[in-house]
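Heads up: the structure comes next, in structure tokens.
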Amino acid sequence: MESFLEKILIYGAVSIFLVGVIYIYIRKLRRESRIVGEKIRIAKEEGLHEPVSLHPVVDVNSCIQSGACIRACPEHDILGIQNGKATVINASRCVGHGACFHACPTQAISLFIGTEKRGVDLPHVNQFFESNVRGIFIAGEMGGMGLIKNAVEQGRQAVNNLARGIERNSEMEYDLIVVGAGPAGIGSTLEARRLKLKTITLEQDTLGGTVFTFPRAKIVMTSPMDLPLYGKVKLYETGKTELLELWNEVLSKNDIQIAEKKKVSKIEQQDGGFEIHCNDGSSYTTQRVLLAIGRRGTPRKLNVPGEDLPKVFYRLLEPELITGKNVLVVGGGDSAIESALLLAPQNKVTLSYRKDTFSRLKPRNKKSLDEAVKAKKLDLVLNSNVASIEETEVQLQVNDIDELTLANDLVYIFAGGELPTEFLKNAGIVITRKFGEAILKHEKR
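Start counting the sequence shown at 25; every next residue gets the next number (the working numbering).
Quick look at the structure:
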């Protein structure tokens, strides 16, 4: 009888202990869910919850709450755990690292472009990075993957795919022409050299593409990447100058020259390949084409009077050389905020944004901007649009009714870039609007 009572007491104690553990665990989950719920509420208020480009989508039926996706993400508060499942908090801050996609042990995460309400125009590309025009491949930002690490990897994979169809004894001048020398173009060019393909890379500006146009102090890469003919690039918080120096080093060691100031104007199909025409009158023939031109090659203009004045720019290269000026920066993205902050210490800077809140800023930039505005280091004018630009001043329309006149020496416009639609259509490439479509997902077995 005593033995029986002892067992009851032991089992009871164990049961009470387990119930206590479960109770504490459930309370912890509920507390974490409330915290994540509050973050989502704030994100919605600040316009950060809705995605603007590439973003993760969680299959709640496959999620097991491992938290691997959250730990892997180099950004902050993109994902969180709510009610036992991973959920998106600040979708608009996602820059497409893909770390969550690779980290999830149950393959519950896919990367989507667009939403049911917000479409994104993208050229048609299959799983091999080939467009609907056989022989023309697309990698990088124009295909929806803008992050440097992922763009380089896409370029490498695309070249591996297109190399399988190359005829080594073709009469064409080149096996491959890469259009664009940004991250995807660099990755493609290096992989083509590794595979011993006869290749030329054409760049409308200079090495680096869009990366070259970033301010010198801008952080352009936050995670390591694999670079063909070099290996693992173990750099964190990498600046533009450091990254360009690395690319120049790798290209130089492998005796690769980039044909700069070569803007491709037309791609014509020929038997067995293509003829590439440039604005300077030159032309080349090739078996395959890889487009790595990005979405921002053509800056989006405001189309307002005075925008053609020489004091108007669409990129900021050396902010430290600009001093004592009245500067207007236009835009609500990270490039606009970073440029305004770089110019503010030595100039009178006004930041104009057409909406009443910022919707896609990195947390660091949002915090720095708030601090600068509070300290009156720069002026912020929300709900404003540029009405006209004149020699010594600019006119802003505020709240659609009021007009604001500012003394002005320089204008920097960061309104994004336009997809080169006509160029692509003339090449025969189909462009479709993606409304919430997975461009990176695990194959279900």
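Backbone N, C-alpha and C define an ideal beta-carbon position, used for all residues, glycine too.
Can you find at least 3 beta carbon pairs, one from the segment 136-146 and one from the segment 73-87, that sit closer than 8 Å? Touching, per the Cβ criterion.
Write down every uninterrupted run of the alpha helix (DSSP H) in the segment 364-448 whose length is 4 residues or greater and which is fully enclosed by it, in chain order. Correct list: 387-398.
Straight-line CA distance for E266 to N193? Their backbone Cα atoms lie some 39 Å apart in a straight line.
Cα-Cα, which of E446, L420 and D279 is closest to L253? Ranked by Cα distance from L253, the first of E446, L420 and D279 is D279.
Residue environment, L385, which counts as buried when at least 16 other CB atoms sit within 10 Å: It counts as buried.
Please report the straight-line C-alpha distance between G204 and S289, rounded to a whole angstrom. Straight across, the Cα-Cα distance linking G204 with S289 is about 13 Å.
Cβ pair A132, S212 closer than 8 Å: No, the pair does not count as a contact, with Cβ atoms beyond the cut-off.
List the endpoints of the continuous beta strand (DSSP E) containing G297. G297 -> beta strand (DSSP E) spans G297 to C302.
Across the segment 350-365 and the segment 447-465, are there enough close Cβ pairs to call them in contact, namely three or more that are closer than 8 Å? Below 8 Å, too few C-beta pairs join the segment 350-365 and the segment 447-465 to call them touching: fewer than three.
In or out: V454 buried (at least 16 other Cβ within 10 Å) or exposed? Exposed.
Report the residue from Q281, S307 and I346 whose alpha carbon sits nearest the alpha carbon of E292. Checking every option, the nearest Cα to that of E292 belongs to S307.
Unbroken beta strand (DSSP E) run spanning E165, endpoints: Per DSSP, E165 belongs to no beta strand (DSSP E) and is neither H nor E.
Under three-state DSSP, which class holds V43? Annotated three-state conformation of V43 is helix, per DSSP.
According to DSSP, is E292 part of a helix, a strand, or is it coil? In this structure, E292 counts as strand in the three-state DSSP scheme.
Quick one: using the 10 Å Cβ neighbour count with 16 as the cut-off for buried, is T374 buried or exposed? It counts as buried.
Relative to the ligand FMN, is the shortest distance from any of its heavy atoms to the C-beta of A67 smaller than 7 Å? Ligands in the displayed structure: none, and consequently the ligand FMN is not present.
Could you tell me if A431 is buried or exposed, where buried requires 16 or more neighbouring beta carbons within 10 angstroms of its beta carbon? Counting Cβ neighbours within 10 Å, A431 comes out exposed, since fewer than 16 surround it.
Opposite N350 in the DSSP bridges: which residues? Per DSSP, K372.
On the criterion of 16 or more Cβ atoms from any shown chain inside 10 Å, does E62 qualify as buried, or is it exposed? It is exposed - the Cβ of E62 has fewer than 16 other Cβ atoms within 10 Å.
Going by C-alpha to C-alpha distance, which of D394, G330, D403 and L341 sits closest to S412? Of the candidates D394, G330, D403 and L341, the one whose C-alpha sits nearest the C-alpha of S412 is G330.
Secondary structure at F153, three-state DSSP: helix, strand or coil? Coil.
State yes or no: is the beta carbon of G104 nearer than 8 Å to at least one beta carbon in chain C? The question asks about chain C, but that chain is absent: this structure has only one protein chain.
Length of the line joining the Cα atoms of D83 and N184: Approximately 31 Å between the Cα atoms of the pair.
Looking only at C-alpha atoms, which of A316, V202 and F337 sits nearest to A6? The chain is shown from 25 up to 469; residue 6 falls before or after that span and cannot be answered.
Please state if the CB of I94 and the CB of K458 are separated by a distance shorter than 8 Å. Inclusion of K458 and I94 in the CB contact set at 8 Å is not warranted, their separation being larger than that value.
Range covered by the beta strand (DSSP E) that runs through G104: Looking at the DSSP string, the run of the beta strand (DSSP E) that includes G104 is L103 to Q106.
Burial state of N114, where buried means 16 or more other Cβ atoms lie within 10 Å: By the 10 Å Cβ count, N114 comes out buried.
Measure from the alpha carbon of L219 to the alpha carbon of each residue in V313, N371 and R180, then state which is nearest. Measuring from the Cα of L219, the nearest candidate turns out to be R180.
Only counting the same chain, and skipping five residues up and downstream in sequence, which positions put a Cβ closer than 6 Å to that of S90? Only P129 meet the Cβ criterion.
Pull up the distance between the alpha-carbon of S155 and that of A439, whole angstroms please. Spanning the two alpha carbons is a distance of roughly 28 Å.
What does DSSP give as the partner residue(s) for A462 in the beta ladder? Partner(s): F136.
So the alpha helix (DSSP H) L481 belongs to, where does it begin and stop? Outside the displayed span of the chain (25 to 469) sits residue 481, for which this structure offers no information.
Burial state of G159, where buried means 16 or more other Cβ atoms lie within 10 Å: Buried, by the Cβ-count rule.
Go ahead and label H556 buried or exposed: buried means 16 or more other beta carbons lie within 10 angstroms of its beta carbon, across all protein chains shown. The first residue shown for the chain is 25 and the last is 469, placing residue 556 beyond what the model contains.
Tell me which same chain residues have a C-beta within less than 7 Å of the C-beta of L53, skipping the five on either side of it? G108.
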